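This note's numbering puts the first residue of the sequence shown at 2, with every later residue one more than the last. In this text, a Cβ means the ideal position worked out from N, Cα and C, and glycines have one as well. Because the structure is a prediction, the values reported are computed rather than measured. All remarks here apply to the structure that follows.
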Amino acid sequence: MVETNGVHHLLVTVGEHHKLSGMAPKGIRVVSGGHLDLHGVAGRVTVEEGATARIHGMVTGGLYNMGGDVEVYGMVHDGVHDLGETASRIAPGAVIS
2 MVETNGVHHL LVTVGEHHKL SGMAPKGIRV VSGGHLDLHG VAGRVTVEEG ATARIHGMVT
62 GGLYNMGGDV EVYGMVHDGV HDLGETASRI APGAVIS
């Protein structure tokens with residue numbers, strides 16, 4: 002597992018198990034086979050088919066599920082958009098705006 006903190010100034014592509022506790026203002030793309038544990042803050046997050054994401058922190062630019070396995074426990078601004086075959090799971094207490 003990769004664990005990162007700090008600020009990522011470019012789009013982050015996740016292709017393995019990645020725990021991000023810092024900031025990714027340009028967004029995150031989780032590709033097939035990748036697993037994101039977001040505990041920090043990110044811009045737009047896109048989760049492709051065959052990928053997984055657990056959102057414990059905050060997404061500021063919308064969450065786009067293209068068919069991945071997505072669970073939201075934290076906050077998502079600009080909505081959760083299920084555009085693939087699977088629906089994102091929203092935990093009680095999660096905030097979607």
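When you compare only the Cα positions, how much space is there between residue i and residue j?
| i | j | result |
| --- | --- | --- |
| His82 | Gly69 | 12 Å |
| His10 | Pro93 | 32 Å |
| Leu12 | Val31 | 11 Å |
| Met2 | Thr14 | 14 Å |
Under 8 Å by Cβ, that's how I've got residue i and residue j pegged, so tell me the actual separation to the nearest angstrom.
| i | j | result |
| --- | --- | --- |
| Gly44 | Gly28 | 4 Å |
| Ala52 | Ser33 | 6 Å |
Closest by CA to residue i, which one among the options?
| i | options | result |
| --- | --- | --- |
| Asp79 | Glu72, Arg90 and Val46 | Val46 |
| Val42 | Glu50, Ile91, Val96 and Thr61 | Thr61 |
| His59 | Val13, Val31 and Gly23 | What sits at residue 59 in the sequence shown is Met, not His. Checking every option, the nearest Cα to that of Met59 belongs to Gly23. |
Excluding the 5 residues flanking residue i on each side, which residues of the same chain have their C-beta closer than 8 Å to its C-beta?
| i | result |
| --- | --- |
| His57 | Asp38, Leu39, His40, Tyr74 and Gly75 |
| Tyr126 | The structure shown does not extend to residue 126, since the chain is modelled only from 2 to 98, so the question has no answer here. |
Apart from the five residues on each side of it in sequence, which residues of its chain come closer than 6 Å, Cβ to Cβ, to residue i?
| i | result |
| --- | --- |
| His36 | His18 and Thr53 |
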